[in-house]
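What follows is a short report on a single structure.
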Amino acid sequence: MPVATARARFARPDLTTFCRLDELDLVVTGQRLEPDRAVLACRVLTPDEWCRRCGAEGAARDTVIRRLAHEPLGWRPTVLEVAVRRYRCTGCGHVWRQDTTRAAEPRSKLSRRGLRWALEALVVQHLTVTRIAEGLDVAWDTANDAVLAEGRRVLIDDPARFDGVRVIGVDEHVWRHTRRGDRYVTVIIDLTPIRDKTGPARLLDMVEGRSKEAFKTWLAARPDTWRDGIEVVAMDGFTGFKTAAAEELPDAVAVMDPFHVVRLARDALDRCRRRVQQAIHGHRGMKGDPLYAARRTLHTGAELLTDKQAARLRTLFGAEEHVEVEATWGIYQRMIAAYRHEDRHHGRELMANLIASISSGVPRALVELTTLGRTLRKRADDVLAYFDRPGTSNGPTEAINGRLEHLRGSALGFRNLTNYIARSLLETGGFRPRLHLDWDEPANPWGQPQTSSRPAAPTGPRRSCSLAFAPTFPTSSALV
1 MPVATARARF
11 ARPDLTTFCR
21 LDELDLVVTG
31 QRLEPDRAVL
41 ACRVLTPDEW
51 CRRCGAEGAA
61 RDTVIRRLAH
71 EPLGWRPTVL
81 EVAVRRYRCT
91 GCGHVWRQDT
101 TRAAEPRSKL
111 SRRGLRWALE
121 ALVVQHLTVT
131 RIAEGLDVAW
141 DTANDAVLAE
151 GRRVLIDDPA
161 RFDGVRVIGV
171 DEHVWRHTRR
181 GDRYVTVIID
191 LTPIRDKTGP
201 ARLLDMVEGR
211 SKEAFKTWLA
221 ARPDTWRDGI
231 EVVAMDGFTG
241 FKTAAAEELP
251 DAVAVMDPFH
261 VVRLARDALD
271 RCRRRVQQAI
281 HGHRGMKGDP
291 LYAARRTLHT
301 GAELLTDKQA
311 ARLRTLFGAE
321 EHVEVEATWG
331 IYQRMIAAYR
341 HEDRHHGREL
351 MANLIASISS
361 GVPRALVELT
371 TLGRTLRKRA
381 DDVLAYFDRP
391 GTSNGPTEAI
401 NGRLEHLRGS
411 ALGFRNLTNY
421 IARSLLETGG
431 FRPRLHLDWD
441 EPANPWGQPQ
451 TSSRPAAPTG
461 PRRSCSLAFA
471 PTFPTSSALV
């Protein structure tokens, strides 16, 4: 270790380089440390004395101060007070300010480094906008508007993020609970990385409503070449999604998700149990009723039952009055066994036999199985398609829905759907690898290089923007 220390080389201390202001064409001329923030006096490094109208040389007129929120340094917010020279043309009289576009966007209150820090904090570190605003020492609206605009420009509006999509999942999602009822959106997920085993699923888009028309309109807005490339659409049992996919993606295969198929059987089992409970006892399940006591055990897979649970079910099914529940439970277990079978081809045969067995000839008393059989018969092709296409489960879609629920909770709810869609895309759109590349104009992981109208910042090796160097604030519900 002493040898490594002896060989280490140190440069002259430079506050400009330390704060990464050289990338913004700024140089530090002074500092002021306050209890709650650090203020750095800066000036623009590149002169700008030539008139932009006639090309004549201008004379310095005065200096104005532009304040910018910079990335937090030293466990406190950092504010830049940039001295901007104003010039007056000696020829045409035109007045202009020094160009500061390398330091910040026009009229922006955040430096480019501060804006990048905010975007990484939101996308990579999953901080709330309130915490980001605290770190930058700006208002909530300022931080929210800036980071969402930058997220749309750099990430969301990049058309290349739709490239390479072959498998999609579609599901409904509640984005807001109101007294007048829940408000829904339709989420479209890219499941291609799951099928190809190259990464996690990611949110492609979110549209208002949960109808056939909502999904159909979104598909119709996609380019023909993109729609022609879709091979599989994973979905639940909602026929609206099925119809929309069939009309707009005629060559794609619809796959009904195993989770929702098993849930159909589980719901049939629950309805049968409740019906038998009412017929026997004349009231809904209560503590001490055998059927009510076994309600969770009935949902457990047969191979996962403990000895105690197996004994409880043997006792339950030993009563002749519970025979309808036993028959429905048997169908439920056969369905689970088909999905869990190691050989997919054999599992497909088991599922096909199950669908055929309850499609006709079911005793009238088993009304729940009759309904289940009718549903499975209509969607038999979609149910069986899962066994021929591994990795097309809609489970990752449900996982992303769970992450969106967490996002809503940490933000204490949303009122603006446009903001919610943008935040959801930044949260679950798979943009983290993108932000791990060069911060100025990162290479596009989806294939196409990104274009930008802003002036290019200096190139060089990227230095980590870890939030371990960012300010930490007390956790409080008031900061969420």
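The numbering of the sequence shown is the UniProt record's numbering, which starts it at 1 and goes up by one.
Backbone N, C-alpha and C fix where the C-beta goes; we use that ideal spot for every residue, glycine too.
Owing to the predicted nature of the structure, the values given are computational and were not obtained by experimental measurement.
Handout entry: Collapsed DSSP secondary structure at Ala83 in the structure displayed
Key = Residue state, collapsed to three classes: strand.
Problem - Short Cβ contact (8 angstroms threshold) for Ala118 with Ser111 - result: Their beta carbons are not under 8 angstroms apart, which means Ala118 does not touch Ser111 by this criterion.
Problem - CA-to-CA distance, Gly55 to Asp48, given in whole angstroms - result: A straight line joining the alpha-carbon of Asp48 with that of Gly55 spans about 11 angstroms.
Exercise for the section: Please state if the CB of Asp257 and the CB of Asn416 are separated by a distance shorter than 8 angstroms. Expected result: Cβ atoms of Asn416 and Asp257: not closer than 8 angstroms.
Exercise for the section: Return the chain-ordered list of same chain residues with a C-beta closer than 6 angstroms to the C-beta of Thr428, the five sequence neighbours on each side being excluded. Expected result: Leu203, Ile400 and Arg403.
Handout entry: Cβ neighbours of Cys272 in the same chain (closer than 7 angstroms, five flanking residues each side left out)
Key = Here the set comprises Glu324, Val325, Thr328 and Glu368.
Practice task
Out of Gly93, Val123 and Arg85, state which residue places its alpha-carbon closest to the alpha-carbon of Arg53.
Solution key: Residue nearest to Arg53 within the set Gly93, Val123 and Arg85 is Gly93 (criterion: CA-CA distance).
Practice task
May I ask you to report which of helix, strand or coil DSSP gives Gly318?
Solution key: Coil at Gly318, not helix or strand.
Problem - Thr178 CB to nearest heavy atom of the ligand HEM below 7 angstroms - result: This structure simply doesn't include the ligand HEM, nor any ligand for that matter.
Handout entry: Element boundaries [beta strand (DSSP E), containing Arg61]
Key = Looking at the DSSP string, the run of the beta strand (DSSP E) that includes Arg61 is Gly58 to Leu73.
Practice task
Output the distance between the C-alpha atoms of residue 492 and Ala149, rounded to the nearest integer angstrom.
Solution key: No information on residue 492 is available, as it lies outside the stretch 1 to 480 that the chain covers here.
Problem - Bridge partner(s) assigned by DSSP for Val187 - result: DSSP lists Asp171 and Met206 as partners of Val187.
Handout entry: Outcome for Val64 when other beta-carbon atoms lying within 10 angstroms are tallied against a minimum of 16
Key = Looking at its Cβ environment, which holds fewer than 16 other Cβ atoms inside 10 Å, Val64 is exposed.
Practice task
Assuming Asp137 contacts Pro77 (C-beta within less than 8 angstroms), just tell me the rounded distance between them.
Solution key: Contact between Asp137 and Pro77 holds: their C-beta atoms lie close to 4 angstroms from each other, under 8 angstroms.
Handout entry: Where Gly240 falls: helix, strand or coil (DSSP)
Key = Of the three classes helix, strand and coil, the one that applies to Gly240 here is helix, per DSSP.
Handout entry: Trp439 - DSSP class collapsed to helix/strand/coil
Key = Unreliable positioning characterises Trp439 in this predicted model, as indicated by a pLDDT of 46, which lies under 50. A coordinate reading is not provided.
Handout entry: Cβ contact (3+ pairs, closer than 8 angstroms) linking the stretch 336–355 and the stretch 379–388
Key = Yes, since at least three Cβ pairs between the stretch 336–355 and the stretch 379–388 fall closer than 8 angstroms, the two stretches touch.
Handout entry: Sequence ranges, alpha helix (DSSP H) only - wholly within the stretch 354–422, length at least 4
Key = The stretch 354–422 is shown to contain whole alpha helix (DSSP H) runs of 4 or more residues at 367–378, 380–388 and 395–410, in chain order.
Handout entry: Arg12, buried or exposed, once every other Cβ within 10 Å from all chains shown has been counted against 16
Key = Counting the other Cβ atoms within 10 Å of the Cβ of Arg12 gives fewer than 16, which makes it exposed.
Problem - Residues bridged to Trp50 (per DSSP) - result: Within the DSSP bridge table, the entry for Trp50 names Glu57 as partners.
Problem - Contact the stretch 274–281 vs the stretch 247–264: 3+ CB pairs below 8 angstroms - result: Touching, no.
Problem - Of the listed residues Thr371, Leu269 and Phe387, nearest to Ala338 (C-alpha basis) - result: It is Phe387 whose Cα lies nearest to the Cα of Ala338.
Practice task
Sort Arg61, Arg43, Ala38 and His322 by Cα distance to Arg102 and report the nearest one.
Solution key: Each of Arg61, Arg43, Ala38 and His322 was checked against the Cα of Arg102, and the nearest Cα belongs to Arg43.
Handout entry: Gly30 in three-state terms, based on DSSP
Key = Reduced to three states, the DSSP call for Gly30 is strand.
Exercise for the section: Would you list, in sequence order, the uninterrupted beta strand (DSSP E) runs of no fewer than 3 residues that lie entirely inside the stretch 229–308? Expected result: Inside the stretch 229–308, DSSP marks whole beta strand (DSSP E) runs of 3 or more residues at positions 232–235 and 253–256, from first to last along the chain.
Handout entry: Terminal residues of the alpha helix (DSSP H) in which Ala160 lies
Key = No alpha helix (DSSP H) contains Ala160, which DSSP labels as neither H nor E.
Exercise for the section: Grab the span of the beta strand (DSSP E) containing Leu40 for me, first residue to last. Expected result: Arg37 to Val44 is the span of the beta strand (DSSP E), which, as asked, contains Leu40.
Problem - Opening and closing residue of the alpha helix (DSSP H) in which Val124 lies - result: Neither: Val124 is in no alpha helix (DSSP H) and is coded neither H nor E.
Problem - Ile230 beta carbon less than 8 angstroms from that of Thr397 - result: In this structure, Ile230 does not lie closer than 8 angstroms to Thr397 by Cβ.
Problem - Delimiting residues of the beta strand (DSSP E) encompassing Arg97 - result: First-last of the beta strand (DSSP E) with Arg97: Val95 to Arg97.
Handout entry: Rounded distance between the beta-carbons of Trp226 and Asp205, thought under 8 angstroms
Key = About 12 angstroms; that fails the 8 angstroms criterion.
Exercise for the section: Identify the continuous alpha helix (DSSP H) that holds Pro223 and give its terminal residues. Expected result: Here Pro223 belongs to no alpha helix (DSSP H), and DSSP marks it neither H nor E.
Exercise for the section: Pick out whichever of Glu71, Gln98, Val174 and Gly391 has its Cα sitting closest to the Cα of Ala83. Expected result: Closest by C-alpha distance to Ala83, out of Glu71, Gln98, Val174 and Gly391, is Gln98.
Practice task
Check whether the Cβ atoms of Phe241 and Phe259 sit closer than 8 angstroms, and answer yes or no.
Solution key: The answer is no: Cβ separation not under 8 angstroms.
Practice task
Within its chain, find whatever has a CB closer than 7 angstroms to the CB of Glu247; leave out the 5 residues flanking it on each side and keep chain order.
Solution key: Within the same chain, Lys216 come within 7 angstroms of Glu247 by CB-CB distance, once the 5 residues on both sides are set aside.
Problem - Helix, strand or coil at His341 according to DSSP, with G and I counted as helix - result: It is coil, neither helix nor strand.
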